[in-house]
Amino acid sequence: RLNFEAVGDSRKSIGYLKDNWYIHLSPPTLPGNLGHQFEYAPAKEFYLIYSEYHPNGIIKRKARFIGDVVFGKDEYFNERGKLIKSTDEDAKFGKIKPQDLPGIIEKIGLFNTKTGENIFTKEPLPTDGRFTSNMFDKLDIYFAPAEQVKDGTSSAPLWLVIYRTHNREIYYTIDGETGEYIREEEEMRIYY
Numbered sequence: 014r015l016n017f018e019a020v021g022d023s024r025k026s027i028g029y030l031k032d033n034w035y036i037h038l039s040p041p042t043l044p045g046n047l048g049h050q051f052e053y054a055p056a057k058e059f060y061l062i063y064s065e066y067h068p069n070g071i072i073k074r075k076a077r078f079i080g081d082v083v084f085g086k087d088e089y090f091n092e093r094g095k096l097i098k099s100t101d102e103d104a105k106f107g108k109i110k111p112q113d114l115p116g117i118i119e120k121i122g123l124f125n126t127k128t129g130e131n132i133f134t135k136e137p138l139p140t141d142g143r144f145t146s147n148m149f150d151k152l153d154i155y156f157a158p159a160e161q162v163k164d165g166t167s168s169a170p171l172w173l174v175i176y177r178t179h180n181r182e183i184y185y186t187i188d189g190e191t192g193e194y195i196r197e198e199e200e201m202r203i204y205y
């Protein structure tokens, strides 16, 4: 159920810390508008739990994400809260799992989950869920599963980590089997 008590009478979006997790909660504000909640894990865990709610406050969907990638169980519920669909998203990954990605990103040098240091802010960030929230605002993370190629073999699954700095986009393509990565840089295109 949506935590209406945490929102109070204002029914406005709020953010707060709970056991080192950063919770961002947005209640339904209009008929048919679904409330949602983002629970950002502390830096060392580096993922979020997304919950979406029916207008009556009952949970509609619950899933874990690292960037834009769903992992674990992706669950859907009816308006009474009964589970109606559950998908195990972990089968799509190679040897490099979502929980391995923060270590690779640290190796690349984009952030440090123990100290909060990162390439995006001058001062280290707190290593609670606010770190994860902040990094998910700065990094785009995608995943492409292995695919069959013409000769009957399959390509490796790939992780993609992207960030922007000044007028450049930096891409890290990470092999989903070995964890090896390639860095590419491209000038950002500005459209008018």
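Read in order, the letters of the sequence shown correspond to residues 14 to 205 in the numbering used here. Think of the CB as a built atom: it goes at the ideal place given N, C-alpha and C, for glycine as much as any other residue.
Could you give the residue range of the alpha helix (DSSP H) that holds residue i?
i: G142; result: G142 to K151
i: K120; result: L114 to I121
Which of helix, strand or coil does DSSP assign to residue i?
i: D101; result: strand
i: G85; result: strand
I'd like to check one pair, residue j with residue i: are the Cβ atoms closer than 8 Å?
i: P115; j: T126; result: yes
i: Y35; j: S146; result: yes
i: L15; j: G48; result: yes
What does the Cβ neighbour count give for residue i, buried or exposed, with the cut at 16 atoms within 10 Å?
i: G165; result: exposed
i: L171; result: buried
i: T178; result: exposed
i: K52; result: Going by the sequence as given, residue 52 is Glu instead of Lys. With 16 or more Cβ atoms within 10 Å of its Cβ, E52 is classed as buried.
i: D150; result: exposed
If you draw a straight line from the alpha carbon of residue i to that of residue j, how long is it in whole angstroms?
i: I62; j: G85; result: 10 Å
i: F144; j: K163; result: 43 Å
i: D188; j: N69; result: 43 Å
i: A157; j: I175; result: 14 Å
Looking at the unbroken beta strand (DSSP E) that takes in residue i, where does it start and where does it end?
i: D32; result: Element bounds for D32: n/a, residue is neither H nor E.
i: A76; result: I72 to I79
i: E136; result: From DSSP, E136 is part of no beta strand (DSSP E); its letter is neither H nor E.
i: E182; result: R181 to D188
i: S64; result: L61 to Y66
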